Every structure is written in C-alpha cells, then in structure tokens.
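Worksheet: one structure, shown below.
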Amino acid sequence: MTDEHYMKMALKLARRGEGWTSPNPMVGAVIVRDEKVIGKGYHRKFGGAHAEVNAINDMSEPVEGATFYVTLEPCSHYGKTPPCVDKIVEAKASRVVIGTVDPNPLVSGRGISILNDHGIETEVGVLGKQCKNLNKKFFKFMRTGIPFVTLKYAQTLDGRIASSTGHSRWISSEPSLRFAHRLRGLHDAVLVGIGTVVADDPDLRVRLVRGRNPLRIVLDSTLRIPPGARVLDNQDVAKTLIITGSLRGNNRLSIVKRRGIETLTINEDSTGALDLKKLLIELGRRQISSLLVEGGAGIITSFVREDLFDRIIVITAPKILGRGIEAVGDLEISRMDNSISLEIEQVCRKGEDVVTYLRRKN
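Written out as structure tokens, the structure reads:
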C-alpha cells in the first residue's frame, strides 16, 4: 500500500470530527506496521484527546517501529491536552507521514523538528492539498485572526429570497432545510440581521439534525428586537449575542441584560452602518473561527460589497416568483467586467433543490 492510501484513510477518519472540534482542527491518524493497520484515531471533540493519542490507545500491538500517518503536523505545545509529538516519540515510531504543516504559530514546524531531533524520519505534504482543504476554516483563522465567513441563502430560480410581500416560508425543500441546520452545526456562530428576526422570528439553533448549537448573533444597531423573539430563548443551550450601535438612552438595554443576553457595541462605519470588519475582528478575539451568515438581503449585500466572505452557498429551488426580494441588492456595479467573479467548488442536489458552493476567484 502507498502513503497516499493510508493518508486517505486518515482523512476519512478526521472528517468524523466535523462540527465538534472547533476552534481546533479536524485531524485523523493511522498507525501502520508491515502494511497492517494497528491503530486508528481522530480528534473527536474540542478539549478531548487528539487524533494521535486516540490512535495509540486503539493500537492492537506495540507501536515501536511503526509509521504514523497524520493529516496535520502533531502539536508540540500544551493546550487543553499535552503535546502529541511527545506521545509519538515515547511510542518509538520509526516514521511519521504528515499531510500538512500546522499554521498555528505555536506549532508550525516545531513538531516536525522535534521528531527529526529524535531520529524519527518525517515526510510532509502527502495529499497536502486535501489536508489543507479539510481545515480551510482553521487555516484562515490561524492566518488572519478573523473567522471563515460563509454566506448562505435559499432562492427561487429567478433569484428571489422572498415574495414582494416578504413571505419566504418555505422556498426550499425539507432535505434543504435539514442541510441548512447541518450547516449551522458546522460553524461556531450564525448571524442574521434584525430585519430577519422581525420578519421570520428564527430560532437559529440546530434542530433537524444532530449537531452543536452555534452562538446566535443578531445585528441590531438600535436594539429593537422584540422581547418575545425566539432567538432570545433557550440561553442554557444556545447563547445569543446582540450587536448594537450606540445605545444612549435606550431603555431596552436593561431588559435584554436581565434576560442574560450579552450585547456588544460596534461603532458605525463611514456609511452609518455597523462596521462589519470590526465585528469580525472582535469575533476572532472571542475564538469564533467560523461564521455562517443567513441574512437577510441587506446583511448579505453588505458582506458581498465589503468583500468579507470566503464562501457562498446558494440553495436554488425550482420555483419562479417574478417580483420579490433579491438575494443580493445593489452593489453599484454598472459594467459586466466589474462584476464579482466566483468559482464553483461543488454542485449537488438536496431533494428538488440545487445547492451550489462558490468561492471568490483568487
């Protein structure tokens, strides 16, 4: 068997931790000796044992002299758990094959150096592109300190997210709704504007599938959120953060705080809107490494206009409305050659609907 074969096995294992490891990366590990797999593991949950340790604990025979296949460079610092590289050295592995170097400055290259200093052969870059892509949210967060931002919306075939009266339930099919809930569980936080809260009264928790509830964020510059909004309920299982502007003299602030809801003041930008760049920086400080933006149209338009997104996921239903609310509003683009060019990453079906994954062209 080739190194690529065992790294594919490690990648498959790593994906089992999707939605549970953040802000840590997903990592898979496979231990092989004489072309026999003697141990497998993956990082199951933030705060729990890392992939290499779980693989060692899973081994069916002594590890000494075996080869480790790990999708990401073994950690070399103390965090929630001790350094994994020390465990590999103690196990007396003869070789470690690594998918990609860890972008975390506390680790980057150090784990590899420690292995080499102990006479353990290392090889880096086997299926490197796939290993980086697996943790693209983590890589972006480590590189910039701000979250990986996904814009998600459901639209009709003619690009409407609601009718001319604002009615939007339900554009997409039941399988698409489950998919949308799955997306929530794969992000640290989900964000909507106050217009969406007033119009649709979303709960924003993960309900139709199994998954971790994200932090619920509402952009509400003047704090006009209705006291009975569902996003304010169930704080014991899903916290809510309200982003406001200046609230001098607003008597609703004390009401919200009495319910245990945190508010965060963000200054306005030059247009008078909440400064989204400053918001992302603040979320990064709070270790929010990924953000799902669910709308409405004004919020989506702002993220697109300011180029603050990494990925767009569009769910298109085979329906036509004619007049209605556009998913993306006016970007003040008058020429086609000035349009925002996107690259299609993936297209799939969810029930009757077509789901398109897009990213900004480099």
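Counting from 849, one number per residue, gives the positions in the sequence shown under the working numbering. Glycine included, every Cβ here is placed at the ideal spot set by N, Cα and C. These numbers come from a predicted model, not from an experiment.
Minimum C-alpha distance to M907 - residue among K1209, T915, E883 and I879
Position 59 of the sequence shown, counting from 1, holds the residue named residue 907. Out of K1209, T915, E883 and I879, I879 has the C-alpha closest to the C-alpha of M907.
Closest by C-alpha distance to P951, when choosing among K985, E938 and D1201
For the purposes of this step, residue 951 is identified with residue 103 of the sequence shown, where counting begins at 1. Relative to the Cα of P951, the nearest Cα in the group K985, E938 and D1201 belongs to K985.
Give the secondary structure of T1044 by DSSP, where H, G and I count as helix, E and B as strand, and everything else as coil.
As a working mapping, residue 1044 is identified with position 196 in the sequence shown. Secondary structure of T1044 (DSSP, three-state): helix.
Relative to the alpha-carbon of P922, which residue among V955, G896 and N902 has its alpha-carbon at the smallest distance?
Counting from 1 along the sequence shown, the entry for residue 922 is found at position 74. Nearest in C-alpha terms to P922, of all of V955, G896 and N902, is V955.
Host alpha helix (DSSP H) of T998 (start-end)
For the purposes of this step, residue 998 is taken as residue 150 along the sequence shown, with counting starting at 1. Looking at the DSSP string, T998 is not in any alpha helix (DSSP H); the run it does join, the beta strand (DSSP E), is F996 to T1004.
Cα-Cα separation, E938 to V911:
As a working note, residue 938 is residue 90 in the sequence shown. As a working note, residue 911 is residue 63 in the sequence shown. Inter-residue distance for E938 and V911 is about 10 Å (C-alpha atoms, whole angstroms).
Cα separation between P930 and A914?
By one-based count along the sequence shown, residue 930 stands at place 82. By one-based count along the sequence shown, residue 914 stands at place 66. About 22 Å.
Flag T919 as yes when its Cβ comes closer than 7 Å to any non-hydrogen atom of the ligand SAH, and as no otherwise.
This structure simply doesn't include the ligand SAH, nor any ligand for that matter.
Can you grab the Cα-Cα spacing for the pair G959 / H898, in whole Å?
To locate residue 959, count along the sequence shown from 1; it is residue 111. To locate residue 898, count along the sequence shown from 1; it is residue 50. If you take the alpha carbons of G959 and H898, they lie about 14 Å apart.
Report buried or exposed for E852, applying the criterion of at least 16 other Cβ atoms within 10 angstroms of its Cβ.
Looking up residue 852 in the sequence shown gives position 4. So E852 ends up on the exposed side.
C-alpha gap between R1159 and S1094, whole angstroms:
Stepping through the sequence shown from its first residue, residue 1159 is reached at position 311. Stepping through the sequence shown from its first residue, residue 1094 is reached at position 246. Taking the straight line from one Cα to the other gives about 31 Å.
Taking the beta strand (DSSP E) that R863 falls in, what are its first and last residues?
Here the question's residue 863 lines up with position 15 in the sequence shown. For R863, no beta strand (DSSP E) segment is defined, and its DSSP state is neither H nor E.
Which stretch, first to last residue, makes up the alpha helix (DSSP H) that contains F1211?
Outside the shown range of the chain (849 to 1210) lies residue 1211, about which nothing can therefore be said.
Alpha helix (DSSP H) containing F1157: first to last residue?
Counted from its first residue, the sequence shown places residue 1157 at position 309. Unbroken run through F1157: none, as it is neither H nor E.
Quick check on DSSP: helix, strand or coil for K1087?
Taking the sequence shown and counting its residues from 1, one reaches residue 1087 at position 239. In the structure shown, K1087 sits in coil (DSSP, three-state: anything other than H, G, I, E or B).
Going by DSSP, which residues form a beta bridge with Y1205?
Stepping through the sequence shown from its first residue, residue 1205 is reached at position 357. In DSSP, Y1205 forms a bridge with I1161 and Q1194.
Whole-Å CB distance - L1025 paired with M855, under 8 Å assumed
The count along the sequence shown starts at 1 and reaches residue 1025 at position 177. The count along the sequence shown starts at 1 and reaches residue 855 at position 7. The pair is not a contact, with the Cβ atoms about 35 Å apart (cut-off 8 Å).
If you draw a straight line from the alpha carbon of G1146 to that of I1161, how long is it in whole angstroms?
Here residue 1146 is taken as the residue at index 298 of the sequence shown, counted from 1. Here residue 1161 is taken as the residue at index 313 of the sequence shown, counted from 1. Cα-Cα distance, rounded: 17 Å.
Residue closest to A1010, alpha-carbon to alpha-carbon, out of R1208, G1170, Y1205 and I904
Within the sequence shown, numbered from 1, the residue matching residue 1010 stands at position 162. A check of alpha carbon separations from A1010 across R1208, G1170, Y1205 and I904 identifies G1170 as the nearest.
Less than 8 Å between the beta carbons of C979 and L859, yes or no?
For the purposes of this step, residue 979 is identified with residue 131 of the sequence shown, where counting begins at 1. For the purposes of this step, residue 859 is identified with residue 11 of the sequence shown, where counting begins at 1. Less than 8 Å separates the beta-carbon of C979 from that of L859.
Per DSSP, cross-strand counterpart(s) of F1027
Translated into the one-based positions of the sequence shown, residue 1027 becomes position 179. DSSP, once it has assigned bridges, lists no residue as partnering F1027.
Quick one: any contact between the region 1066-1079 and the region 1100-1113, if contact means 3 or more CB pairs under 8 Å?
The answer is yes - the region 1100-1113 touches the region 1066-1079, with three or more Cβ pairs under 8 Å.
To the nearest angstrom, how far is it from the Cα of V1046 to the Cα of A903?
As a working note, residue 1046 is residue 198 in the sequence shown. As a working note, residue 903 is residue 55 in the sequence shown. Roughly 49 Å separates the two Cα atoms.
Ordered along the chain, which non-local residues of its own chain (more than five positions away) have a Cβ less than 7 Å from that of P873?
Position 25 of the sequence shown holds residue 873. Cβ neighbours of P873 within its own chain (closer than 7 Å, five residues either side excluded): L920, N983 and F986.
Use the C-beta contact count for S1118: other C-beta atoms within 10 angstroms, 16 or more gives buried, fewer gives exposed.
Within the sequence shown, numbered from 1, the residue matching residue 1118 stands at position 270. Its Cβ having fewer than 16 others within 10 Å, S1118 is exposed.
L1034 to G896 span [Cα, whole Å]
Numbered from 1 along the sequence shown, position 186 holds the residue referred to as residue 1034. Numbered from 1 along the sequence shown, position 48 holds the residue referred to as residue 896. Roughly 18 Å separates the two Cα atoms.
Kindly provide the ranges of any alpha helix (DSSP H) runs that are 4 or more residues long and lie completely inside the region 1099-1128, ordered along the chain.
Within the region 1099-1128, the complete alpha helix (DSSP H) segments of 4 residues or longer fall at 1100-1106, listed in chain order.
Among the candidates I1129, H966, I1090 and R1064, whose CA atom is the shortest distance from the CA of R991?
Looking up residue 991 in the sequence shown gives position 143. Checking every option, the nearest Cα to that of R991 belongs to I1129.
Assigned exposure category for H1015 - 16 Cβ within 10 Å defines buried
Residue mapping note: residue 1015 aligns to position 167 of the sequence shown, counting from 1. In this structure H1015 is exposed. Its beta-carbon is surrounded by fewer than 16 other beta-carbon atoms within 10 angstroms.
Within the same chain, show all residues whose beta-carbon is closer than 7 Å to that of D1051, passing over the 5 residues directly before and after it, in chain order.
As a position in the sequence shown, residue 1051 is number 203, starting the count at 1. Hits under 7 Å: R1078 and V1079.
Rounded straight-line distance, which links the Cα of G1043 to that of S1187:
The sequence position of residue 1187 within the sequence shown is 339, counting from 1. The sequence position of residue 1043 within the sequence shown is 195, counting from 1. Straight-line measurement puts the Cα of G1043 at about 27 Å from the Cα of S1187.
Proximity winner among G967, R1058, E883 and T970, relative to G865 (alpha-carbon distances):
Looking up residue 865 in the sequence shown gives position 17. Closest option to G865, Cα to Cα, is R1058.
In the DSSP assignment, what are the bridge partners of L1140?
For this step, residue 1140 is matched to residue 292 along the sequence shown. According to DSSP, L1140 shares a beta bridge with T998 and V1038.
In three-state terms, what does DSSP make of V937?
If you number the sequence shown from 1, residue 937 lands on position 89. Looking at V937 - three-state DSSP - the assignment turns out to be helix.
Within the continuous beta strand (DSSP E) that includes E900, where are the two ends?
In the sequence shown, the residue the question calls residue 900 occupies position 52. Where E900 is concerned, there is no enclosing beta strand (DSSP E), although the alpha helix (DSSP H) it sits in stretches over A899 to N905.
Using a 10 Å radius around the Cβ and a threshold of 16 neighbouring Cβ atoms, would you call I1181 buried or exposed?
Position 333 of the sequence shown, counted from the first residue, corresponds to residue 1181. By the neighbour-count definition (other C-beta atoms within 10 Å, threshold 16), I1181 is an exposed residue.
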